[in-house]
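Count the sequence shown with full-length UniProt numbering and you get residues 1 to 267, in order.
Where is the CB? At the ideal position from N, CA and C, for every residue including glycine.
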Amino acid sequence: MEVIAVAGYGALSDVYEWLIGDDRLTPAKAAAVYYSDVVGSLPPNARVLDCACGTGQLAVGLASLGLDVVAADASSGMVRRAEKAADEQGVSLRALRASWDELPDHLEESTFDLVFCVGNSLGHAKGAAGRLTALEAMSRLLNPGGRLVLHSRNWELVRSASSRVDVRDRLIRRNDRDAVVSYYWQIEQRWEQEHFLEIVVAQIEPDGAVRACSERLSIWPYRYEDLVAQLRCVGLTVQSTTYDPESDGYLVVASRDQAQGTSEPTR
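As structure tokens, this is what we get:
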């Protein structure tokens, strides 16, 4: 078995489709399954940023709806894949290699109607300070009244299960090839410590050989209540949330306004 280990979504950018659920595998599905209600309320040609865009399925799906889309990611491999996906679908978008803190250096403030931060990506921001920096950058880019759409893993549940290996119980078929995906969670004692997630995508070659891409990712988990507090700190008011203590993940929609709101989130 050949193993390739590269940090920073280098190796995984080439095999990321095996980590995407069937319901989000195409640009059209990615735009419809998660965000049809949010996107449907936008005017034509609205400006949208998908930061931590991954392989670009959501960004390309949004561009196909006629939106003015910027797709940004800290991984150059992911940016290349987003550009390729846009070319394959015949849509226009701007692809940008930039981390969250670098976004205001490349993009004009207060110019986006909608910012997406999905795929559990915020957990890679380095601790509370890094997370606050990321959220502040997203808030600065939004128009007054613009919205941040953030999808997060339920880190309370992740930590409650302790360190473990999760192996998917079925072969996943992508591009006429099968793979087995496994996750190793290294859970630390305290919330503020750096946690780790190692992902292995073991592809089965036509000759029966196994080729594995492995990557060890840093994770800084956070409580839902801390996320809400940090959103308020950067001037974002939670409009809606699907957070449930027993669910694996949740979606938060928060708006930027001149003054922070005080109303409770809707469920």
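- Message: Helix, strand or coil for P27? Go by DSSP, reduced to three states.
- Response: In the structure shown, P27 sits in a helix (DSSP, three-state: H, G or I).
- Message: Going by C-alpha to C-alpha distance, which of G56, V181, F196 sits closest to W18?
- Response: V181
- Item | Residue range of the unbroken beta strand (DSSP E) whose run includes P144 | 142–153
- Message: For E102, list the residues DSSP reports as bridge partners.
- Response: Bridge partners of E102: none, in fact.
- Would you tell me roughly how many angstroms separate the C-alpha atoms of V38 and V158, rounded to the nearest one? Computed Cα separation, rounded: 28 Å.
- Across which residues does DSSP place V238 in a beta bridge pair? Per DSSP, A254.
- Could you tell me the boundaries of the beta strand (DSSP E) in which Y184 lies? 177–186
- Rounded straight-line distance, which links the Cα of G235 to that of Q186: 33 Å
- Task: Kindly indicate the opening and closing residues of the alpha helix (DSSP H) around A59.
- Result: 57–64
- Query: How should E205 be labelled, buried or exposed, when 16 other C-beta atoms within 10 angstroms of its C-beta is the threshold for buried?
  - Reply: exposed
- Since I believe L62 is in contact with D50 (beta carbons under 8 Å), could you give me their beta-carbon distance rounded to a whole number of angstroms? 7 Å
- Item | Element boundaries [beta strand (DSSP E), containing C51] | 47–51
- Message: Suppose the cutoff is 7 Å on Cβ atoms and the five residues either side in sequence are ignored; what does the same chain contact list for V238 look like?
- Response: V228, L231, V252, A254, P265
- Query: Which same chain residues, not among the five before or five after V79, have their C-beta less than 6 Å away from its C-beta?
  - Reply: D73, A95, R97
- From this set, D113, S160, G21, which residue's C-alpha is nearest N45's C-alpha? When each option's Cα is compared against that of N45, the closest is D113.
- Message: At the level of alpha carbons, what is the spacing between S121 and L217?
- Response: 11 Å
- Message: Run through the DSSP bridge pairs and tell me what C117 is partnered with.
- Response: Beta-bridge pairing links C117 to C51, L150.
- Task: Select from D22, S36, K126 the residue whose C-alpha is nearest the C-alpha of N175.
- Result: D22
- Nearest to A28 by CA position, among P43, S41, V60, is which residue? V60
- Assign G21 to one of three DSSP states: helix, strand, or coil. coil
- Task: Starting from E215, follow its DSSP beta bridges and name the residues at the other end.
- Result: I199
- Message: Rounded to whole angstroms, what is the Cα-Cα separation between A31 and G123?
- Response: 22 Å
- Message: Looking at G54: is its Cβ nearer than 9 Å to the Cβ of A82?
- Response: yes
- Query: In the DSSP assignment, what are the bridge partners of D68?
  - Reply: R47
- Query: Would DSSP call V91 helix, strand or coil?
  - Reply: coil
- Message: Judging by CA-CA distance, which residue of W155, L148, P43, G127 is the nearest neighbour of S240?
- Response: L148
- L142 versus S36, R47, L25, residue with shortest Cα-Cα distance: Taking the Cα of L142 as reference, the smallest distance to any Cα among S36, R47, L25 is reached at R47.
- Looking only at DSSP bridge pairs, what is G249 linked to? R153
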